[in-house]
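Down below is the structure, laid out as structure tokens.
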Ligand SMILES: [Zn+2]
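Residue numbers (this note's numbering): 43 to 519.
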């Protein structure tokens with residue numbers, strides 16, 4: 043009997059890794075083995091430590107990887123899998139492959155920096171800290187990527203084929219629809235990856251890529267994300283309040299500092315700012331996108347116009363590339379980044395990391411948090427324990443680079459920019475299914491979020507839903 047084993051993103055939102063084994067042998071030997079996603083564990087230490095454990099089956103026996111999208115919690119363990127001996131194809135959409143080309147080397151670079159920092163400060167001679175993988179190793183794994191267009195069926199073995207269908211989460215994101223021949227029967231498995239927002243530009247504004255996951259699906263077994271299983275997104279359009287916060291800050295001579303992930307969230311925000319400027323809702327102050335990946339990320343977005351929302355298409359047709367927009371500066375080098383710090387006039391600075399756990403945003407905040415004229419604007423989720431969460435919570439000070447920085451700037455936060463569907467949106471999508479899956483396994487959620495969504499789906503749809511457990515094996519009937 044074929045089985046699925048949940049190697050990650052079960053009981054937590056990171057480390058997505060789901061193994062499919064077609065073997066009918068109870069020891070699981072000899073079957074064709076596919077890994078759907080190969081993400082890194084992030085967040086609490088007890089999960090991060092699992093990044094150092096080997097896969098339960100030797101990496102070299104995995105035949106292929108199917109990657110749903112380029113977020114680190116779905117792709118960030120690929121260089122490690124390759125390091126452990128995997129040498130098969132990694133299927134992803136062309137946009138996902140392009141994004142992995144900047145995200146994975148950046149991750150390798152950060153791993154090296156972290157190891158170096160640890161070794162300098164902890165002086166642990168006997169156990170030098172090592173990076174999970176290096177920049178070079180991350181670059182080397184690019185050779186295994188194989189592009190697969192949305193909708194194209196790929197035959198992996200006589201008994202396994204798959205195709206990508208639209209997930210509408212970020213650029214290139216897809217669900218993996220896998221067809222399996224098992225016990226003389228055909229079974230369709232759907233792995234959602236992360237699921238994007240529904241098609242409504244008012245409740246999910248500013249999307250650069252189209253929204254709305256593929257409707258009319260059918261699946262015998264569904265493995266679905268549950269990140270927002272117990273939370274609903276606000277339904278108000280955030281733009282009027284966002285524009286007002288920018289206007290007020292500029293009027294009092296301050297700057298707006300926006301911590302944002304360099305890929306997707308930054309592009310989304312820049313498109314929105316451009317529109318607010320062109321429609322006269324905010325003043326034309328200089329805008330800085332400060333990240334080593336900033337220019338490359340925009341170039342990848344411009345290359346994949348096939349995924350644009352109508353709104354983004356209209357803006358690019360009208361105003362051209364964001365890289366050439368008047369008053370918008372993209373800083374790649376650290377010299378360019380330092381220049382932004384010297385600017386004394388009101389400006390908008392978008393920089394990473396999005397939760398202020400590292401990166402250049404730290405310099406900008408260390409410099410601008412003590413001045414009450416400035417505003418720090420959060421447009422993304424701030425995980426508990428991060429500096430971003432501390433600043434957002436209304437704390438009076440925060441530690442950055444080992445120094446206490448007083449927080450006197452205004453703090454505002456918008457929750458509308460999420461790229462994950464919430465329960466009403468998920469139900470709206472699930473109701474378009476042509477059949478009821480035999481079993482749905484919920485992954486990629488904190489336990490409280492997954493169990494609440496399980497109950498809602500059971501009550502509203504009458505579906506058989508279970509919360510997946512880490513390392514649990516389930517048979518495909
Ligand atoms: Zn994601």
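The beta-carbon is built from N, C-alpha and C at its ideal position, and this holds for glycine as well.
Item                                                                                                                                                                        : Value
I want to check one thing, is the minimum distance from the CB of residue 324 to the heavy atoms of ligand 1 below 7 Å?                                                     : no
Any heavy atom of ligand 1 closer than 7 Å to the CB of residue 433?                                                                                                        : no
For residue 139, which residues in the same chain have their Cβ closer than 7 Å to its Cβ, ignoring the five residues on either side in sequence?                           : 187 and 189
Between 290, 115 and 480, which lies nearest to residue 418 when the distance is taken from Cα to Cα?                                                                       : 290
With a threshold of 8 Å between beta-carbons, can residue 404 be considered close to chain D, or not?                                                                       : In the structure shown, chain D cannot be found, because there is only a single protein chain.
Less than 8 Å between C-beta atoms, sequence neighbours within five positions excluded: which residues of the same chain meet that for residue 146?                         : 117, 118, 120, 121, 180, 181, 183 and 184
Kindly indicate which three-state DSSP category residue 419 falls into: helix, strand or coil?                                                                              : strand
Let me make sure I understand the geometry here. Which of 408, 462, 369 and 51 has the alpha-carbon closest to that of residue 440?                                         : 408
In chain order, what are the residue ranges of uninterrupted alpha helix (DSSP H) at least 4 long that sit wholly in the segment 146-196?                                   : 177-182
For a quick check, are the C-beta atoms of residue 217 and residue 110 less than 8 Å apart?                                                                                 : yes
Is it right to say residue 416 is buried, meaning 16 or more other beta carbons lie within 10 angstroms of its own, or is it exposed?                                       : buried
Pair every Cβ in the segment 267-283 with every Cβ in the segment 453-467, then say whether three or more of these pairs are closer than 8 Å.                               : yes
When the Cα atoms are used, what is the spatial distance from residue 383 to residue 483?                                                                                   : 48 Å
Going residue by residue through the segment 226-303, where are the continuous beta strand (DSSP E) segments of at least 3 residues, counting only ones entirely within it? : 227-233, 263-267 and 298-301
Can residue 236 be considered in contact with ligand 1, in the sense that its beta carbon sits closer than 7 Å to one or more heavy atoms?                                  : yes
Quick one: is the Cβ of residue 212 within less than 7 Å of any heavy atom of ligand 1?                                                                                     : yes
Do you know whose CA, among 267, 212 and 88, lies nearest residue 507's CA?                                                                                                 : 267
CA-CA distance, residue 263 and residue 402?                                                                                                                                : 43 Å
I'd like to know if the segment 384-394 and the segment 306-315 are in contact, where contact means that at least 3 CB-CB pairs between them fall below 8 Å.                : yes
Output yes or no for whether 8 Å exceeds the beta carbon distance between residue 549 and residue 198.                                                                      : A question about residue 549 goes unanswered here, because the residues of the chain that appear run from 43 up to 519.
Suppose contacts are defined by Cβ-Cβ distances below 8 Å. Is residue 127 in contact with residue 100 by that definition?                                                   : yes
Start and end of the beta strand (DSSP E) containing residue 217?                                                                                                           : 216-224
Quick one: what's got a C-beta closer than 7 Å to residue 295's C-beta in the same chain, skipping five residues either side?                                               : 388 and 415
May I ask you to check if the CB of residue 116 is nearer than 7 Å to at least one heavy atom of ligand 1?                                                                  : yes
Here's the rule I'm using: 16 or more other beta-carbon atoms within 10 Å means buried, otherwise exposed. How should residue 292 be labelled?                              : buried
Please state whether DSSP places residue 522 in a helix, a strand or coil.                                                                                                  : Residue 522 cannot be examined here, being either before or after the span of the chain that is shown, 43 to 519.
What are the boundary residues of the alpha helix (DSSP H) that residue 313 is part of?                                                                                     : 307-320
Measuring CA to CA, which of 511, 491 and 474 is closest to residue 261?                                                                                                    : 474
Using a Cβ-based criterion (distance less than 7 Å to any ligand heavy atom), does residue 113 qualify as near ligand 1?                                                    : yes
For residue 485 versus residue 48, is the C-beta distance shorter than 8 Å?                                                                                                 : yes
If contacts are defined as beta-carbon pairs under 8 Å, then residue 449 and residue 437 qualify, I think. What distance do you get, rounded to the angstrom?               : 6 Å
According to the neighbour-count rule (16 or more other Cβ atoms, all chains shown, within 10 Å of its Cβ), is residue 364 buried or exposed?                               : buried
What do you reckon, are the CB atoms on residue 133 and residue 104 nearer than 8 Å?                                                                                        : no
Could you pull the start and end residues of the beta strand (DSSP E) that residue 445 belongs to?                                                                          : 445-448
State the start and end residues of the unbroken beta strand (DSSP E) segment that holds residue 429.                                                                       : No beta strand (DSSP E) holds residue 429; the alpha helix (DSSP H) holding it covers 429-434.
If I measure Cβ to Cβ from residue 398 and keep anything under 6 Å in the same chain, skipping five residues before and after, which residues do I get?                     : 301, 429 and 430
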